[in-house]
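S.K.: Quick one: the structure is below, questions incoming.
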Amino acid sequence: MSVPAEWYLLVSALLFITGTVGVLIRRNVIVMFMCIELMLNAVNLTFVTFDRMMGGLAGQIAVFFVLVVAAAEVVVGLAIIVSIFRRRASTDADQVSLLKW
Amino acid sequence: MVRLAAQGGTELPGYIPLIPFFPMAGALLLLLFRRSIGRGRWAGIVASSVIGSSFVLTLMAVGNLMTMTGAPEERTLSGPAYEWIAAGGLNVAMTFKVDALTAVMLLIVTGVGTLIHVYSIGYMEHDERKATYFGYLNLFAGSMLLLVLANNFLVLYVGWELVGLCSYLLISFWYFKPEAAAAGKKAFLVNRIGDVGFLIGILLIYAHFGTLDFDEVFARATELQGAIVTAIPLLLFVGAVGKSAQVPLHVWLPDAMEGPTPVSALIHAATMVTAGVYMVARTHVFFEASHTAALTVATIGAVTALFAATVACLQDDIKRVLAYSTISQLGFMFLAVGVGALSHSPVAYAAAIFHLVTHAFFKALLFLGAGSVMHALEGETNMKKMGGLIKTLPRTGWTFIVGWLAILGIPPLSGFFSKDAILVSTYEEGWFLLWLIASAAALLTAFYMSRQVFLVFFGKSRSSEDVHPHESPSIMTGPLVVLAGLAAISGMWLGLTHAGPIFRLLEPLFGVHEEAGTEAFLGIPEAGLVMIAVALSVLGMFLAWRLYLARGGEERRAALQERWSGLASFVRSGYRLDALYGALFVWPGKTIANVAAYAFDVRVIDGAVNGLAVSIGRSAEGVRRVQSGLVRRYVMAMLTGAVVLLALFIARAN
Chain A
1 MSVPAEWYLL VSALLFITGT VGVLIRRNVI VMFMCIELML NAVNLTFVTF
51 DRMMGGLAGQ IAVFFVLVVA AAEVVVGLAI IVSIFRRRAS TDADQVSLLK
101 W
Chain B
1 MVRLAAQGGT ELPGYIPLIP FFPMAGALLL LLFRRSIGRG RWAGIVASSV
51 IGSSFVLTLM AVGNLMTMTG APEERTLSGP AYEWIAAGGL NVAMTFKVDA
101 LTAVMLLIVT GVGTLIHVYS IGYMEHDERK ATYFGYLNLF AGSMLLLVLA
151 NNFLVLYVGW ELVGLCSYLL ISFWYFKPEA AAAGKKAFLV NRIGDVGFLI
201 GILLIYAHFG TLDFDEVFAR ATELQGAIVT AIPLLLFVGA VGKSAQVPLH
251 VWLPDAMEGP TPVSALIHAA TMVTAGVYMV ARTHVFFEAS HTAALTVATI
301 GAVTALFAAT VACLQDDIKR VLAYSTISQL GFMFLAVGVG ALSHSPVAYA
351 AAIFHLVTHA FFKALLFLGA GSVMHALEGE TNMKKMGGLI KTLPRTGWTF
401 IVGWLAILGI PPLSGFFSKD AILVSTYEEG WFLLWLIASA AALLTAFYMS
451 RQVFLVFFGK SRSSEDVHPH ESPSIMTGPL VVLAGLAAIS GMWLGLTHAG
501 PIFRLLEPLF GVHEEAGTEA FLGIPEAGLV MIAVALSVLG MFLAWRLYLA
551 RGGEERRAAL QERWSGLASF VRSGYRLDAL YGALFVWPGK TIANVAAYAF
601 DVRVIDGAVN GLAVSIGRSA EGVRRVQSGL VRRYVMAMLT GAVVLLALFI
651 ARAN
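Protein chains in written order, with our numbering: chain A, 1 to 101; chain B, 1 to 654.
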């Protein structure tokens, strides 16, 4: 017997909400970063689920794109985080608020 | 490439376009490299030699014209130099035409022009901006040549506007003098009034004929019907009134004397101001078609001749006398052209052109002589501070006297023949009143010119002790001598009788002279008219002698001054026309400009722009607080936005 598609979608939604809330409430940049990964993977899961339901391929290809973009984003993001940490010895997002009016 | 066929004449020889091209190229050279050519006499030599080359080419063209055989109407050189505008239905080629009228104008512009260029080398010796001056002078010569060579209205108009521009540039050449700057502006603006009329006239011609080509337009001029018959020549004449300084647009010419004196001689006496006469003569078929227009021309001419002569009698500035004299003499020319159009009289037309030629010689001579006097007296222009200069300036003095006798019309000098040709043809065609006005003007001409000569060259010296007059260098007196020779003999040479060369030459344009069949008023024979004219000149000379040279003249002048002082100052100011125009046109114009600039522009236009800028700035001040720099707030905002958008989509989908 197979697991119904709704369950996958439910998991995916839970993952997305977890990620979103994490980004919103945590101040540690690295944690926020991991939460973003969580959101991306929730979206990936949705893509795959719908592809299985519809019997298509486009969503799975989109997943690859998301993976590639996520990898690139991690590279740039981590580099920024490292350089901020070197300068301030802190990973608190709220302290990095110089780019304002 | 459309190749227009030459109409009624021989193909244009290749050297004709070079006549205006040489001075234009000279102007370009001098104005572009004014710094490197500016020193020494090089600028003057370059400028004089290019205009001299044009003179040689003109002589070639005239020789070419004179050896042509065939019907008189076909003795022209015409054709396109190159295609200029080809847009849709409008085809305007740079067409040139050399016929008798153009040839006469070409000879004056290049001949007198060359002499004045040479004279300028001496006159402008000590000026720092020589190259600029000669560049402008060359540009003027080129533009004037373009004007007289034009074979369609558009090319004519281009030349017309260019000479106006050069006039402006040269009047205000010493722009650091406020009077000179103002005079240049005045000349330009007053000319603009005339030019607008001229332009409307040209546009009407285009609207009715669909072409601007002279040959075609003139051939079809009689097709016109209704009010347009009068409107076209009157509008063209408005242009002539502005350019040739006729009443009521003459006010710019006396002020134009702020420019260097050779400029006054070349532009404001000998050539540019005659462009109006030339243009009316060129378009004479339009004027012949309308009695009203022709009568207007003749009347304005006669009135101007008398009006300007009265003002000239009371001027103390040596150049202003000559300026008013020029206005008056141009009036004579317009009178003749008007009479020619009124009575279809070839002799009257030819007399106008004849007077144009002799006037160019003697007025250029008088102006250059005045310049030489000013040069000798270190810039003094007030005749009350001169006197007895014939002894210290013999060459200037004697040549000036030749010019004086020529303008007076003392036989056998040139003015005698040309002015008499005008007076006689006016009388014989039956325009008695106009003849009377012109004769009065001739009397006054004799008076004011004699007054000038007596004040400047005779009597006791009234200049201050520390001024030591010296004769001008021969580069200046040389042209004076040549012009004096021309002023003396050109009358006899060109128009001793109605069969003289100038009348013969112009027959193809204006027709062949026939003895007037109508019985003139009072029936004075021609010899009698000539006697009257000479007698008037001698009378004017005598009056001036009584008042300014003879013993007791001082007292007579004082008595007259006492009796007529109010009238005298009224006339001296040019009938207060400047003040009248100032109150009627300049003041309202300035007021409107002030209101527009300091009330409307500052308050309304600037107010709107500044208000918008300030309000945007203020709102930005409030909005920028949103950008806090806190990443998590941004995320929250994005999330809220995404949710709202999603909710909207779902709501719409359902």
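Positions of the beta carbon are idealized from the N, C-alpha and C atoms, including for glycine. Bear in mind that the values here come from a model prediction, so they are computed numbers and not experimental data.
Could you tell me if B/Gly210 is buried or exposed, where buried requires 16 or more neighbouring beta carbons within 10 angstroms of its beta carbon?
M.R.: What you label residue 210 of chain B is simply residue 210 of the second sequence in a count that begins at 1. It is exposed - the Cβ of B/Gly210 has fewer than 16 other Cβ atoms within 10 Å.
S.K.: Give the straight-line distance between the Cα atoms of A/Ser90 and A/Thr49, rounded to the nearest whole angstrom.
M.R.: As a working note, residue 90 of chain A is residue 90 in the first sequence. As a working note, residue 49 of chain A is residue 49 in the first sequence. The straight-line gap from Cα to Cα measures roughly 39 Å.
S.K.: What are the partner residues of B/Leu30, as DSSP defines its beta bridges?
M.R.: The sequence position of residue 30 of chain B within the second sequence is 30, counting from 1. DSSP lists no partner for B/Leu30.
S.K.: Which value, in whole angstroms, describes the spacing of the CA atoms of A/Trp7 and A/Phe16?
M.R.: As a first step, residue 7 of chain A must be located in the first sequence, where it is residue number 7. As a first step, residue 16 of chain A must be located in the first sequence, where it is residue number 16. In a straight line, the C-alpha of A/Trp7 is about 14 Å away from that of A/Phe16.
S.K.: Counting only runs that start and end within the stretch 284-338 of chain B, where is the alpha helix (DSSP H) found for 4 or more residues in a row?
M.R.: Within the stretch 284-338 of chain B, the complete alpha helix (DSSP H) runs of at least 4 residues are 284-289 and 291-312.
S.K.: Looking only at its chain, what residues have a beta carbon closer than 6 Å to the beta carbon of B/Thr274, apart from the 5 residues adjacent to it on each side?
M.R.: Within the second sequence, the letter at position 274 stands for residue 274 of chain B. Answer for B/Thr274: Leu356, listed in chain order.
S.K.: Bridge partners of B/Ile85, per DSSP?
M.R.: As a position in the second sequence, residue 85 of chain B is number 85, starting the count at 1. According to DSSP, which records beta bridges pairwise, B/Ile85 is partnered with B/Val92.
S.K.: Would you say A/Ala13 reaches chain B, if we count a Cβ-Cβ gap shorter than 7 Å as a contact?
M.R.: For the purposes of this step, residue 13 of chain A is identified with residue 13 of the first sequence, where counting begins at 1. By this cut-off, A/Ala13 is not an interface position.
S.K.: So, does the stretch 374-390 of chain B touch the stretch 455-468 of chain B, judging by three or more C-beta pairs under 8 Å?
M.R.: Result yes; three or more Cβ-Cβ pairs closer than 8 Å.
S.K.: Anything in the stretch 629-644 of chain B with a Cβ closer than 7 Å to a Cβ of chain A? List those residues in chain order, please.
M.R.: Of all residues in the stretch 629-644 of chain B, Gly629, Leu630, Val631, Arg632, Val635, Met636 and Leu639 have a Cβ within less than 7 Å of some Cβ in chain A.
S.K.: Give the straight-line distance between the Cα atoms of B/Ile200 and B/Ile228, rounded to the nearest whole angstrom.
M.R.: The residue given as residue 200 of chain B occupies position 200 in the second sequence. The residue given as residue 228 of chain B occupies position 228 in the second sequence. Each residue's Cα considered, the two are about 12 Å apart.
S.K.: Are there 16 or more other CB atoms within 10 angstroms of the CB of A/Val68, so buried, or fewer, so exposed?
M.R.: Within the first sequence, residue 68 of chain A is the residue found at index 68, counting from 1. With fewer than 16 Cβ atoms within 10 Å of its Cβ, A/Val68 is classed as exposed.
S.K.: Beta carbons nearer than 7 Å to chain B: which residues of the stretch 66-98 of chain A have them?
M.R.: So the list reads Ala93, Asp94, Ser97 and Leu98, given in the order they occur along the chain.
S.K.: Locate the alpha helix (DSSP H) running through B/Trp398, then write down its first and last residues.
M.R.: In the second sequence, residue 398 of chain B corresponds to position 398, counting from 1. Counting along the chain, the alpha helix (DSSP H) containing B/Trp398 begins and ends at Pro394 to Leu408.
S.K.: Return yes when the Cβ of B/Thr132 is within less than 7 Å of the Cβ of B/Asp99, no when it is not.
M.R.: To locate residue 99 of chain B, count along the second sequence from 1; it is residue 99. To locate residue 132 of chain B, count along the second sequence from 1; it is residue 132. Cβ atoms of B/Asp99 and B/Thr132: not closer than 7 Å.
S.K.: Kindly say whether A/Val43, judged by its beta-carbon, lies nearer than 7 Å to any beta-carbon of chain B.
M.R.: Stepping through the first sequence from its first residue, residue 43 of chain A is reached at position 43. Answer no: the Cβ-Cβ gap between A/Val43 and chain B never drops below 7 Å.
S.K.: Where B/Glu83 and B/Val92 are concerned, what is the direct C-alpha to C-alpha distance, given to the nearest angstrom?
M.R.: Taking the second sequence and counting its residues from 1, the one referred to as residue 83 of chain B is at position 83. Taking the second sequence and counting its residues from 1, the one referred to as residue 92 of chain B is at position 92. Cα to Cα, the separation comes out at about 7 Å.
S.K.: Out of B/Leu646, B/Tyr123, B/Gly430 and B/Gly553, which one is the CA nearest neighbour of B/Ala376?
M.R.: Indexing the second sequence from 1 puts residue 376 of chain B at position 376. Nearest of B/Leu646, B/Tyr123, B/Gly430 and B/Gly553 to B/Ala376, Cα basis: B/Tyr123.
S.K.: Find the nearest neighbour of B/Gly528 within the set B/Ile202, B/Phe542, B/Leu433 and B/Leu423, judged by alpha-carbon distance.
M.R.: The residue labelled residue 528 of chain B in the question sits at position 528 within the second sequence. Selected option, being the one with the closest Cα: B/Leu423.
S.K.: Check B/Arg35 in the structure and name its three-state DSSP category.
M.R.: For the purposes of this step, residue 35 of chain B is taken as the residue at position 35 of the second sequence. Three-state result, B/Arg35: helix.
S.K.: Using DSSP's beta-bridge definition, name the partner residues of B/Gly79.
M.R.: Position 79 of the second sequence holds residue 79 of chain B. Bridge partners of B/Gly79: B/Phe96.
S.K.: Helix, strand or coil, according to DSSP, for B/Asp127 in the structure here?
M.R.: One-based indexing of the second sequence puts residue 127 of chain B at position 127. Three-state DSSP puts B/Asp127 in coil, outside helix and strand.
S.K.: In this structure, what does DSSP give as the bridge partners for B/Asn654?
M.R.: Numbered from its first residue, the second sequence carries residue 654 of chain B at position 654. Per DSSP, none; premise fails for B/Asn654.
S.K.: Let me confirm a value: B/Glu657 is counted as buried when at least 16 other C-beta atoms fall within 10 Å, else exposed. Which label applies?
M.R.: Lying before the first or after the last residue shown, residue 657 of chain B is absent from chain B, which here runs from 1 to 654.
S.K.: Identify the contact partners of A/Val23 in chain B, using a Cβ-Cβ distance below 8 Å as the criterion.
M.R.: Locating residue 23 of chain A in the first sequence gives position 23, counting from the first residue. Near A/Val23 (Cβ distances below 8 Å), the residues of chain B are Arg632 and Val635.
S.K.: Beta-carbon within less than 6 Å of B/Arg618's beta-carbon, same chain only, minus the 5 sequence neighbours each way: which residues are those?
M.R.: Walking along the second sequence from the start, residue 618 of chain B turns up at place 618. For B/Arg618, where only same-chain residues beyond five positions count, there are no Cβ hits under 6 Å.
S.K.: For B/Ile51 versus B/His117, is the C-beta distance shorter than 7 Å?
M.R.: Counting from 1 along the second sequence, the entry for residue 51 of chain B is found at position 51. Counting from 1 along the second sequence, the entry for residue 117 of chain B is found at position 117. The answer is yes: Cβ separation under 7 Å.
S.K.: Just to make sure I have the definition right: I need the residues of chain B whose C-beta is within less than 9 Å of the C-beta of A/Thr20. Which are they?
M.R.: Indexing the first sequence from 1 puts residue 20 of chain A at position 20. Under the 9 Å cutoff, chain B gives Val635 and Leu639.
S.K.: Helix, strand or coil for B/Asn152? Go by DSSP, reduced to three states.
M.R.: The residue labelled residue 152 of chain B in the question sits at position 152 within the second sequence. Looking at B/Asn152 - three-state DSSP - the assignment turns out to be strand.
S.K.: Quick check on the burial criterion: 16 or more other C-beta atoms within 10 angstroms. Buried or exposed for B/Ser615?
M.R.: Start at 1 with the first residue of the second sequence, and residue 615 of chain B comes out as number 615. By the neighbour-count rule (16 or more Cβ atoms within 10 Å), B/Ser615 is not buried but exposed.
S.K.: So B/Thr399 packs on B/Leu266, CB below 8 Å; how close in whole Å?
M.R.: One-based indexing of the second sequence puts residue 399 of chain B at position 399. One-based indexing of the second sequence puts residue 266 of chain B at position 266. Actually they do not touch by this definition, with Cβ atoms about 17 Å apart.
S.K.: How far does the alpha helix (DSSP H) with A/Thr49 in it extend, from its first residue to its last?
M.R.: Residue 49 of chain A sits at position 49 when you count from the first residue of the first sequence. Val29 to Met54 is the span of the alpha helix (DSSP H), which, as asked, contains A/Thr49.
S.K.: Where does B/Asp578 sit, in a helix, a strand or coil, going by DSSP?
M.R.: As a working mapping, residue 578 of chain B is identified with position 578 in the second sequence. Note: B/Asp578 maps to helix in three-state DSSP.
S.K.: Please list the terminal residues of the continuous alpha helix (DSSP H) segment that includes A/Trp7.
M.R.: In the first sequence, counting from the first residue as 1, residue 7 of chain A sits at position 7. Where A/Trp7 is concerned, the enclosing alpha helix (DSSP H) stretches over Ala5 to Ile25.
S.K.: Near B/Arg557, what residues of its chain come up, given a Cβ to Cβ distance below 6 Å and the 5 sequence neighbours on each side ignored?
M.R.: Walking along the second sequence from the start, residue 557 of chain B turns up at place 557. Same-chain partners within the cutoff: Leu547.
S.K.: Skipping 5 residues on each side, what residues in its chain have a beta carbon closer than 8 Å to that of B/Ile524?
M.R.: The sequence position of residue 524 of chain B within the second sequence is 524, counting from 1. Around B/Ile524: Tyr427 and Ile532.
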